[in-house]
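Participant: Going by numbering that gives the first Met the number 0, the first residue of the sequence shown is number 0, and it counts up by one from there. For glycine and all other residues, C-beta sits at the position ideal for the given N, C-alpha and C. Predicted, not measured: the structure shown is a model, and the values here were computed from it.
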Amino acid sequence: MIEARGIEYRSILRGVDVECADRSVTGIVGPNGAGKTTLLKCLFGALTPTAGRVRIDATDLNTLSPRELARRVAVVSQEPSFNDRLSVAELVSLGRLPHRDRRGRGVEEVATALEKVGLLGLAHRPLDQLSGGERQRAMIARALAQRPRYLLLDEPGNHLDIHHQLDLFHILREFDGGAVVVLHDLNHALDYCDEVYVLADGRVAAAGAPREVLVPEVLEPIYNVRVHRAGNHVTFTREEQP
0 MIEARGIEYR
10 SILRGVDVEC
20 ADRSVTGIVG
30 PNGAGKTTLL
40 KCLFGALTPT
50 AGRVRIDATD
60 LNTLSPRELA
70 RRVAVVSQEP
80 SFNDRLSVAE
90 LVSLGRLPHR
100 DRRGRGVEEV
110 ATALEKVGLL
120 GLAHRPLDQL
130 SGGERQRAMI
140 ARALAQRPRY
150 LLLDEPGNHL
160 DIHHQLDLFH
170 ILREFDGGAV
180 VVLHDLNHAL
190 DYCDEVYVLA
200 DGRVAAAGAP
210 REVLVPEVLE
220 PIYNVRVHRA
230 GNHVTFTREE
240 QP
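This is the structure we're talking about:
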């Protein structure tokens, strides 16, 4: 389990508590500026909270070595940096660096990850010849090749077409571990998340099962829109201006 207690970061996060259990998908939603990306960065050590603590499988995050952390957590960020001269396979193989692979093991893991995201046929293509969606899928493959216990993803559906968005969430549901995913699409949260945290102004405004949390009385004052819920689907209209 990833467990965060009392997380504060400057004026952005204020006493945030979050848990991500094994074999579950945990969604973090909220309007722009709510602190979603900042919280995610605190969960994997890219940012150090000014208060509170993060534990991964009952171990304090700040006691894990970089190698130990990389064996437990893989990250897909919004704006990844990479060398465009790498091939797709070379990028994905970076996910194997935390492991001391026996001969051939790394190649197998890379091929499996590429197949899952539908890029096996582009394994030798340079990154600078990929579309934005293909690059995003390559970054997801790198995280899968890392074979972590937890996946942390920041708006991973960016640049993906509808087909590959659905593929991504199928991968997350089938992942043999826990996943924390920052989302803007509340319908994806309803369809695929086991637990959802709604952030507003740096605090957890609501948390729980998506069907119980993503309801008009919670969402309307946070997003300043009218929310219409029908089963497992929400739509939005602007508030009428006086």
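When the Cβ atoms of the region 24-35 are set against those of the region 192-199, are three or more pairs found closer than 8 Å?
Facilitator: They touch, by the three-pair rule.
Participant: How is the alpha helix (DSSP H) around Gly-32 delimited, first residue to last?
Facilitator: Start at 1 with the first residue of the sequence shown, and residue 32 comes out as number 33. It is not in any alpha helix (DSSP H) - Gly-32 carries neither H nor E in the DSSP assignment.
Participant: Among residues of its own chain, excluding the 5 on either side of Asn-223, which ones have a beta-carbon nearer than 7 Å to its beta-carbon?
Facilitator: Along the sequence shown, one-based indexing puts residue 223 at 224. Within the same chain, Asn-223 has close Cβ partners Glu-238.
Participant: To test your reading of the DSSP string, which unbroken beta strand (DSSP E) runs of 3 or more residues are found completely within the region 163-211?
Facilitator: The region 163-211 contains these whole beta strand (DSSP E) runs: 177-181, 194-199 and 202-207.
Participant: Spatial neighbours of Asp-184 within its chain, please: C-beta separation below 7 Å, excluding the five flanking residues on both sides.
Facilitator: Here residue 184 refers to the residue found at position 185 of the sequence shown. Cβ neighbours of Asp-184 beyond the five flanking positions: Gly-156.
Participant: Out of curiosity, what's the CA-to-CA distance linking Gly-132 and Ala-57?
Facilitator: In the sequence shown, the residue the question calls residue 132 occupies position 133. In the sequence shown, the residue the question calls residue 57 occupies position 58. If I take the Cα positions, the gap works out to 36 Å.
Participant: Hey, Leu-151 and Val-116 are a contact pair by Cβ (cut 8 Å); roughly how many whole angstroms apart?
Facilitator: The residue given as residue 151 occupies position 152 in the sequence shown. The residue given as residue 116 occupies position 117 in the sequence shown. That pair is no contact at about 17 Å.
Participant: Quick check: the Cα distance between Leu-171 and Ala-142, rounded to an integer number of angstroms?
Facilitator: To locate residue 171, count along the sequence shown from 1; it is residue 172. To locate residue 142, count along the sequence shown from 1; it is residue 143. For Leu-171 and Ala-142, the distance between alpha carbons rounds to 12 Å.
Participant: Would you decide whether Thr-234 is buried or exposed? Buried here means 16 or more other CB atoms lie within 10 Å of its CB.
Facilitator: Against the sequence shown, residue 234 aligns to sequence position 235. Its Cβ having fewer than 16 others within 10 Å, Thr-234 is exposed.
Participant: Check the DSSP bridge columns for Arg-52 and list the partner residues they point to.
Facilitator: For this step, residue 52 is matched to residue 53 along the sequence shown. In the DSSP output, where bridge partners are listed per residue, Arg-52 has Arg-4.
Participant: For Ile-27, which three-state DSSP category applies?
Facilitator: Here the question's residue 27 lines up with position 28 in the sequence shown. Note: Ile-27 maps to strand in three-state DSSP.
Participant: Answer yes if the region 68-86 comes into contact with the region 31-46, meaning at least three C-beta pairs across the two stretches below 8 Å, and no otherwise.
Facilitator: Taking 8 Å as the limit for Cβ pairs, the verdict is that the region 68-86 does touch the region 31-46.
Participant: Are the beta-carbon atoms belonging to Leu-129 and Ala-137 less than 8 Å from one another?
Facilitator: Here the question's residue 129 lines up with position 130 in the sequence shown. Here the question's residue 137 lines up with position 138 in the sequence shown. It is a contact, given that the beta carbons lie within the stated cut-off.
Participant: Using three-state DSSP, classify Ser-64 as helix, strand or coil.
Facilitator: In the sequence shown, the residue the question calls residue 64 occupies position 65. Coil.
Participant: For the candidate residues Leu-12, Leu-121 and Asp-166, whose alpha-carbon lies nearest to that of Pro-36?
Facilitator: As a first step, residue 36 must be located in the sequence shown, where it is residue number 37. According to the sequence shown, residue 36 is Thr rather than Pro. The candidate whose alpha carbon is nearest that of Thr-36 is Leu-12.
Participant: Can you tell me whether Ile-161 is buried or exposed? The criterion is at least 16 other CB atoms within 10 Å of its CB, across all chains shown.
Facilitator: By 1-based counting over the sequence shown, the position of residue 161 is 162. That one is exposed.
Participant: Exposed or buried, what is Arg-210 when buried is set at 16 or more other beta-carbons lying within 10 Å of its beta-carbon?
Facilitator: On the sequence shown, position 211 is the one that residue 210 refers to. The residue is exposed, with fewer than 16 neighbouring Cβ atoms inside 10 Å.
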